[in-house]
Amino acid sequence: MLYKSGGTKMIYKRCSHCGQRYEAGKKCGCNFKRDYPQPTGTRALYKGGRWQALRKVIIARYQGLDPWAFLHGRIEYATTVHHIVTAEDDPTLFYVEDNLIPLSRSSHDEIHALYRKSEASKVETQALLRSLVKKIAY
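According to full-length UniProt numbering, the stretch in the sequence shown is residues 1 to 138, in order.
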């Protein structure tokens with residue numbers, strides 16, 4: 001059994017890339033870095049500064065709260081900005097403020113489940129979401 005100075009037992013892990021043993025809490029010496037493909041199409045737009053700024057504006061417009069959750073009797077903080085008409089369905093609406101609504105993660109998952117249920121459910125849910133969008137006169 002190996003011990004550190006001070007009498008504590010050393011714990012080791014195995015690197016999933018090279019198989020080498022290394023001390024827990026430290027990094028393996030192989031310096032492996034996983035490569036992820038760059039996002040393409042509408043996915044790439046989510047990384048841009050224009051989207052990040054617009055996302056903050058939309059969340060601030062609703063004081064950081066989720067209107068979908070409020071409609072269903074819950075009070076939740078919005079962490080996601082949802083495209084009512086999805087970016088894959090119509091990329092031209094990606095930056096249109098009337099197509100955006102802030103949601104909590106649970107509400108976002110709930111809405112996408114309704115979108116997948118049927119085309120009629122998707123249209124009905126989109127109409128309900130449009131009724132929740134705040135109109136701001138400038």
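The beta-carbon is built from N, C-alpha and C at its ideal position, and this holds for glycine as well.
Going by beta carbon distance, what residues of the same chain come within less than 7 Å of L54, once the five residues before and after it are set aside? Y95
With burial defined as no fewer than 16 other Cβ atoms inside 10 Å of the residue's Cβ, what is the status of N99: buried or exposed? buried
With DSSP as the reference, label T86 as helix, strand or coil. For T86, the secondary structure class from DSSP, reduced to helix, strand or coil, is coil.
Just the C-alpha distance for P67 and D109, rounded to the nearest angstrom, thanks. 14 Å
For Y12 and Q52, the rounded distance between their alpha carbons: Between Q52 and Y12, the alpha-carbon positions lie close to 41 Å from each other.
Can you look up I11 in the DSSP assignment and give me helix, strand or coil? coil
May I ask you to list the residues that DSSP assigns as paired with L103? Residue pairing by DSSP puts L103 in a beta bridge opposite T80.
For S104, count the other beta carbons within 10 Å of its own beta carbon; 16 or more makes it buried, fewer makes it exposed. Which is it? buried
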